[in-house]
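Notes for the one structure printed next.
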Ligand code: CTP
Ligand code: MG
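In the working numbering, the protein residues as written are 475 to 692.
Right, here's the structure in full:
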């Protein structure tokens, strides 16, 4: 049961933490690297447990059983689907969170959950984009330049009305986040304020930054 402010009458909130990636860009499964006294993924699972009635952790198949999680798939979307299959049917709101984001906090969960309680099919934390973003083709030629003011970088945790997330995944679609599948399904996805500290560990530099942050050096 979520504590304090995170308790929502009439809602049963579950979180799927996806930790089954291989970390190609990092050079190994970054979710198992230490950050302070525990692994990167342990931080993500701990906050998910505080914010939810229940948590499903999706892991590489070789360690899933011994870690008490479920085995993931070849892509992030497949891993989410394996996790969803283990979420009880009575869940009314399902959050999806990257194990590679050790700095999400209760407020980050509360903002996305609140937006779904208020009627959105999905809610994602978003931060304004500082750089100009180009759309390019396979040859590297620029196709267009979207107006920066309309662009957002989005994070996890993302929250969804449970039946909408299940429906969005029913067609086995692929996306770099879950909101993309809900959008394709015609669902209403809203953005809430993101959190610059809630950075995803993608490269070695990100881990160095995260460790320094955790030690209070930055
Ligand atoms: N993930 C997963 N199953 C996959 C791929 C990704 O559970 N088949 C998880 C990762 O473990 C991570 C989150 O999804 O917590 C975000 O993915 P990403 O940062 O892309 O991690 P990786 O896919 O592991 O890294 P890369 O893309 O560099 O290979
Ligand atoms: Mg990936």
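Think of the CB as a built atom: it goes at the ideal place given N, C-alpha and C, for glycine as much as any other residue.
Here the structure is a predicted model, which is why all the values come from computation and not from measurement.
Asked                                                                                                                                                                 : Found
Helix, strand or coil, according to DSSP, for residue 521 in the structure here?                                                                                      : helix
Hey, would you say the C-beta of residue 502 is under 7 Å away from at least one heavy atom of the ligand MG?                                                         : no
Using a Cβ-Cβ cutoff of less than 6 Å, which residues in the same chain neighbour residue 545 once the five nearest sequence positions on both sides are dropped?     : 535 and 538
Beta-carbon separation of residue 596 and residue 644 under 8 Å?                                                                                                      : no
What are the start and end residues of each continuous beta strand (DSSP E) run of 3 or more residues lying completely inside the stretch 485–539, in chain order?    : 487–492 and 528–533
Select from 624, 622, 487 and 605 the residue whose C-alpha is nearest the C-alpha of residue 529.                                                                    : 487
Along the beta strand (DSSP E) that carries residue 601, what are the first and last residues, could you check?                                                       : 596–602
Given 7 Å as the limit, tell me if residue 550 has its C-beta closer than that to any heavy atom belonging to the ligand MG.                                          : yes
Here's a check: name, in chain order, each residue in its chain whose Cβ is nearer than 6 Å to the Cβ of residue 658, leaving out the five neighbours to either side. : none
Touch check for the stretch 590–608 and the stretch 512–526: three-plus C-beta pairs under 8 Å?                                                                       : no
Please classify residue 624 as buried or exposed, where buried requires at least 16 neighbouring CB atoms within 10 angstroms.                                        : exposed
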